[in-house]
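> If you read the sequences in order, they're chains A and B. Residue 1 is where the first sequence starts when you use full-length UniProt numbering, and the numbers rise one by one after that. Residue 1 is where the second sequence starts when you use full-length UniProt numbering, and the numbers rise one by one after that. We put the CB at the ideal spot given by N, CA and C, even for glycine. Note that the coordinates shown come from a computational prediction; the quantities given were computed from them, not determined experimentally.
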Amino acid sequence: MAALPRRIIKETQRLMQEPVPGISAVPSETNARYFHVIVTGPEDSPFEGGLFKLELFLPEDYPMSAPKVRFITKIYHPNIDRLGRICLDILKDKWSPALQIRTVLLSIQALLSAPNPDDPLANDVAELWKVNEGEAIRNAKEWTRRYAMDN
Amino acid sequence: MSATVDERVTDEVEALEAILMDDVVIKRVNDVPEIIETVVHPSTGDDVDQQFVCITLEVKLTPDYPDSSPEVNLRNPRGLDDQLLSTINSQIKQKLLDCLGQPVVFELIELIRDNLTESNLPSGQCVICLYGFVDGDVFIKTQCYHHFHSHCLANHLIAGKKYYQEELEKLPNWQQMQAPPYQQTCPVCRCPVSCDVDVLKTAPPPVDSVTAPPFCLTAELKALQIKMAALLAKQVAKGGVVGVGDTGPPPLTITSPSDHDNEATNGSSSVAQEGAKSDAIGASTDGASRDAAGEAAPGDPHPQQRRPPPPSAAPLAPARPTTLYPFYPLPTLRCHS
C-alpha cells in the first residue's frame, strides 16, 4: 500500500489537537484509513444523550472521492437505513475535496438535528415521521435510550 | 421622499462611475445612491493574470453622509488570510474617522488596493492537500479566485469527470440523453470553472506533500481506541449495533468468531498488508457489492488484518456469530440530485 498521504496525517493530527465538540474520530490500530467515530446526539434533538458509533473509511483516492461512513449504533432516523447507511449529498455527488473528515462528521451531526423525511433512505421511518411526527420522535428517543446511552 | 442629494455625494458617485465604469455598482433607492459596491484588485498594471487576490468592498451611505461615516463591509476575500483582513479593517476604521465630512470611497479603494498589492500572493493553504504554497510550487487561480496547486486541482478534475461518467452509465439510456454535460467545478465554491487538465497535470506535486513521515499512534490515540472499543462492546451486548439482534436485515454472509481467530492468528504482517490493500480497493469501487462482503462487519470491519488481540483487551471481538455486510452494498444512493 502506498504511503499514507500527508493530508490524512494532517487531518488526523488536527482532529486530536483541535477536537470538534461532540465528535471523536480515532484511526484504527491496523489501518490509518479506517476511523472509529463517536458522534454525540445533538441537544434538543430526539438523539440527545446518545453516543452513536460510526465507522469511517478513507478510500484509496481520498480526498478525490468521499469517505465511506456509516452508523454502527442503531438509530431511528429517516435518512439513515437499517444498515446504518446515511443519505447525505456530500457523501455522494456533492463531495468536494475541500471537505474534510471533521466537516463530514459535523454534517452528519447536523443531519441528526434536522431529519429530512422528504428525502428518505429508511422509508418506514420517513413515512411515520411525516404522518405522525410525535410518535416518530418518541421512537427515536426510545431507540437512543435503548441502544445509544452509555449506562 | 424627495430626492435631494448632497452635492458632494453626487460628485463622488459620478466620478466613481466615470473612472471604474462597469467595475462599480451603485444601488439607488428613489434615485438616491445607497450602496456602492466594487471588487478591489491589486495594482498589476493591466495584467489581470498576475492578480491573485481580491476582495469586495461594500459602502452603505448613511442619510447624512459624508458628515457621518458610511457603513463599510468587506466581503468575499480571496487569497487573503484573517490577519491581513483585520489589518485592512482597522485601517479602514481610522480612515473613516480621518475623512469625516468629505467623500471617502476613493480613499477606501486606494487603501485596500495598496494592501492587496503588497500581499499579491495566495496566503493560506491549498484545501485539497492542506499544504501551503511555497517556493517551487506550481499553482493556479480559478476564475472565482480560489487557489490550488495545479497538481491537486488536476486530480480533482480528473476524479470529478470519472465520477460523472460512472454515474451517467448507471442511468437508463433516455436519461443519459437528457443528462446535463459534465461541468468542471471549483472545490471550494462549486462555481463552474474551465481548466485544461492536460496542462495542469504536468505540474509537480506540492513541495510539502512529497515526503510523508510515517504515521504512528500516540498513547492518547490508543487510550481513545480502548474507550471506544469498550463502548462498542457495551452496545453490542445490548443489541444496539446494526446487524445484531432481531431488527437487523437478512444476513449476506455468516462467519463465526472462531473463523476470525484463525485468520487473525495466521495473519503474518504481509497478510495484514494484503488485507489493507484489498480493503482500500474494495471500498473505493462502490459497486463491488458481494465480493467485498468480508470487508465491513459491524464492529469488526477488517477481520483479515486484525492482529491477535491480547486476552484482556478484545472488546471489539463480537461475542457471538456475526453477520458481515459489505460496506456499501448498493451501487448508488442518489440523493438531493
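(1) Would you check if there are 3 or more beta carbon pairs closer than 8 Å linking the region 109 to 125 of chain A to the region 35 to 45 of chain A?
(2) Tell me, please, which residues DSSP counts as bridged to B/Q125.
(3) Taking the beta carbon of B/A18 as the centre, do at least 16 other beta carbons fall within 10 Å, making it buried, or is it exposed?
(4) The beta strand (DSSP E) spanning B/V48 covers which residue range?
(5) Kindly indicate which three-state DSSP category A/Y34 falls into: helix, strand or coil?
(6) Check for me: the beta strand (DSSP E) holding B/C54 runs from which residue to which?
(7) Please classify A/D118: is it buried, with 16 or more other beta-carbons within 10 angstroms of its beta-carbon, or exposed?
(8) Can you tell me whether B/P192 is buried or exposed? The criterion is at least 16 other CB atoms within 10 Å of its CB, across all chains shown.
(9) To which residues of the same chain is B/L100 closer than 7 Å at the C-beta, ignoring the five residues directly before and after it?
(10) Run through chain B and tell me which residues come within less than 8 Å of A/A136, C-beta to C-beta.
(11) Using a Cβ cut-off of 7 Å, pull out every chain B residue sitting near A/V26, in sequence order please.
(12) Please report how far the alpha carbon of B/P181 lies from the alpha carbon of B/D67, in whole angstroms.
(13) Since A/F35 and A/F52 are thought to touch, with beta carbons under 8 Å apart, how far apart are those beta carbons, to the nearest angstrom?
(14) Excluding sequence positions up to five away, which residues of its chain have a Cβ less than 8 Å from the Cβ of B/T185?
(15) Please tell me whether B/V53 and B/P42 are closer than 9 Å, where the distance is taken between their beta carbons.
(16) Could you pull out every residue in the same chain whose Cβ sits closer than 7 Å to the Cβ of B/E7, ignoring the five residues on either side in sequence?
(17) Roughly how many whole angstroms lie between the Cα atoms of B/V188 and B/K238?
(18) Do B/V29 and B/L108 have their beta-carbon atoms positioned less than 9 Å apart in this structure?
(19) Which class does A/S96 belong to by DSSP, given the choice of helix, strand or coil?
(20) When you compare only the Cα positions, how much space is there between B/Q305 and A/S28?
(21) Would you check if the distance between the CB atom of B/Y131 and the CB atom of B/P206 is smaller than 9 Å?
(22) DSSP has A/P26 in a bridge; who is on the other side?
(23) Mind listing the chain B neighbours of A/T73? Cutoff is C-beta to C-beta under 8 Å, in chain order.
(24) Quick one: grab the DSSP three-state call for A/L121.
Concretely, from the data shown:
(1) yes
(2) B/G132
(3) exposed
(4) Where B/V48 is concerned, there is no enclosing beta strand (DSSP E), given that its DSSP letter is neither H nor E.
(5) strand
(6) C54 to K60
(7) exposed
(8) exposed
(9) S69
(10) The contacting residues do not exist; A/A136 stays about 16 Å from chain B at best.
(11) L221, L224, Q225 and M228
(12) 54 Å
(13) Not really, about 14 Å apart at Cβ, beyond 8 Å.
(14) G160, C191, P192 and V193
(15) yes
(16) none
(17) 42 Å
(18) no
(19) coil
(20) Low confidence applies to B/Q305: its pLDDT is 38, below 50, so where it sits in the model is not reliable, and the reading given next is rough at best. About 11 Å.
(21) yes
(22) Note that residue 26 of chain A is Val in the sequence shown here, rather than Pro. DSSP lists A/H36 as partners of A/V26.
(23) Q235, G240, V241 and V242
(24) coil
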